[in-house]
Amino acid sequence: MTLKTRSGDLPQTPWVESDDLEARLARSGASERAKTFARDLARDGLAILDLGDDMPALCDEIAAETAGHFARPGVTRVHDAWRRSPAIRALATHPVLLECLALAYGRAPFPFQSLNFMRGSQQDTHADALHFHAEPALFMCGVWLALEDVKPGAGPLRYYPGSHRLPVLTMQDAGAVMGAAPSRVTSANYNDTYGPAMQARLAQGGFEARHALLKKGQIAVWAANLAHGGSPILDPGSTRQSLVVHYYFEDCLYYTPMLSTPERAYVRLPANIATGGWVWPRRAGRRVPVSLKQLAATIAYAALRRTPRF
Ligand SMILES: O=C(O)CCC(=O)C(=O)O
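Here it is as structure tokens:
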């Protein structure tokens, strides 16, 4: 399968979000597995992928390479362990996964951050499009890997099939009063506004929750605007080891909607896990300026993540 790489030729809407997905698939020459993946993602906003017999061993490597983080008291979630975990980088850059994402979106994907969980996250229902979004819209997705079989009482990933087709919900849509400065966003105005507004939309649309009871080594990919979160942990002693990798796509403007106002996007300079460098945000093929403050914060964060912490 080939992708057009000249910026003017790139799709403005991910193929899975467009009406002519089938025509694209027919012309693609992609594998049946990749086509099924793209159709599932288009229909439900979440698709499950099996990458083969090597996956359980890769899961064990990821668990071993990140175990030290979780040995520290109270740590259940680790950001960006990929910088010191070859196994996370191997998963994030798996050629079949990248092929499937490229087919589904029509642009080349790149993994930009990782999160490891020891237990269920119990995270409130949200769409990633509030936290990481792009211009053109919806060129972002999440990849979730089960590092062990997920048990029903361990707080499985919960998602609402079809909810990715709803309009993107912003903090402003949810009724949050936002100032010009990013620091005005608080967990209180997030919890008081975004969470209830999301629940109201799902109830109004009649969306029903489904739980991703994946086997060790299986992957779920969700669309940027899919409503999802972590369900309650019913078995207090349970683990639910998992890895999330977030992806952006080439030649977009990357920003954090939660810290943006309608007048000013909080532009991001995402890492590229495949290269260890950064990907400059672009609009219509042209670089978009990133503030010195943002540049310094990005470099400082990356340096900190390289430091051995266990
Ligand atoms: O793993 C989970 O329980 C939820 C993860 C999640 O919502 C996210 O990474 O956006």
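In our numbering, the protein residues as written are 5 to 314.
Cβ coordinates follow ideal geometry from the N, Cα and C atoms, glycine included.
Values in this document were obtained by computation on a predicted structure and should not be read as measured data.
Threshold first: 4 residues or longer. Then list the alpha helix (DSSP H) segments lying entirely within the region 40 to 79, N to C.
With a minimum length of 4 residues, the continuous alpha helix (DSSP H) runs that stay inside the region 40 to 79 are 59 to 75.
If we ignore side chains and look at the alpha-carbon of each, how far apart do residue 120 and residue 256 end up?
Their backbone Cα atoms lie some 26 Å apart in a straight line.
Short of 7 Å in beta carbon distance, which residues of its chain neighbour residue 93, apart from the five on each side in sequence? Order them along the chain.
If we look at residue 93 and ignore the five residues flanking it on each side, its Cβ neighbours are 86 and 277.
Kindly indicate which residue of 78, 58 and 135 has the alpha-carbon position closest to the one of residue 100.
Closest by alpha carbon: 58.
Which of the three DSSP states is assigned to residue 300 in this structure?
In the displayed model, residue 300 falls within a helix according to three-state DSSP.
Under the three-state DSSP convention, the category residue 305 falls into:
If DSSP states are grouped into helix, strand and coil, residue 305 belongs with the helices.
Contact criterion: CB-CB distance below 8 Å. Does residue 48 meet it with respect to chain B?
Included in the structure is just one protein chain, with no chain B present.
Between residue 84 and ligand 1, is the CB less than 7 Å from at least one heavy atom?
No - ligand 1 has no heavy atom lying nearer than 7 Å to the Cβ of residue 84.
Can you say whether residue 297 is buried or exposed, counting buried as having 16 or more other CB atoms within 10 angstroms of its CB?
By the neighbour-count rule (16 or more Cβ atoms within 10 Å), residue 297 is not buried but exposed.
Residue 32 in three-state terms, based on DSSP
Note: residue 32 maps to helix in three-state DSSP.
Does the region 153 to 165 come close enough to the region 223 to 242 to have 3 or more Cβ pairs within less than 8 Å?
Taking one beta carbon from each stretch, the region 153 to 165 and the region 223 to 242 have 3 or more pairs nearer than 8 Å; the two touch.
From residue 300 to residue 293, what does the alpha carbon distance come to, in whole angstroms?
One C-alpha to the other measures close to 13 Å.
Close beta carbons around residue 224, own chain, < 7 Å, minus the five adjacent residues each side
Within the same chain, residue 224 has close Cβ partners 50, 52, 148, 161, 216 and 218.
Whole angstroms is fine: what's the gap from residue 128's alpha carbon to residue 234's?
Answer to the nearest angstrom: the Cα atoms are 7 Å apart.
Enumerate in chain order the residues of its own chain whose CB-to-CB distance from residue 54 is below 8 Å, with the five nearest sequence positions on each side excluded.
For residue 54, where only same-chain residues beyond five positions count, the Cβ hits under 8 Å are 221, 222 and 223.
Can we say the region 252 to 267 touches the region 62 to 75, given the rule of at least three CB pairs closer than 8 Å?
At 8 Å Cβ cutoff, the stretches do not touch.
Does the region 103 to 121 come close enough to the region 11 to 23 that 3 or more CB-CB pairs lie under 8 Å?
The way I'd put it, the region 11 to 23 does touch the region 103 to 121; three or more beta-carbon pairs between them come closer than 8 Å.
Spatial distance of residue 145 from residue 76 (CA atoms):
Going from the Cα of residue 145 to the Cα of residue 76 covers about 30 Å.
Please state the DSSP three-state secondary structure of residue 245.
If DSSP states are grouped into helix, strand and coil, residue 245 belongs with coil.
In this structure, how does DSSP classify residue 267 when only helix, strand and coil are distinguished?
Here DSSP, grouped into helix, strand and coil, assigns residue 267 to coil.
Buried or exposed by the 16-neighbour rule on C-beta atoms within 10 Å, applied to residue 305
Burial call: exposed.
Report back the beta-carbon spacing between residue 25 and residue 42 to the nearest angstrom; my notes put them in contact at under 8 Å.
So it is a contact: roughly 7 Å between Cβ atoms.
With H, G and I counted as helix, E and B as strand and the rest as coil, what does DSSP make of residue 212?
Three-state DSSP puts residue 212 in coil, outside helix and strand.
Go ahead and pull the three-state DSSP assignment for residue 144.
Looking at residue 144 - three-state DSSP - the assignment turns out to be strand.
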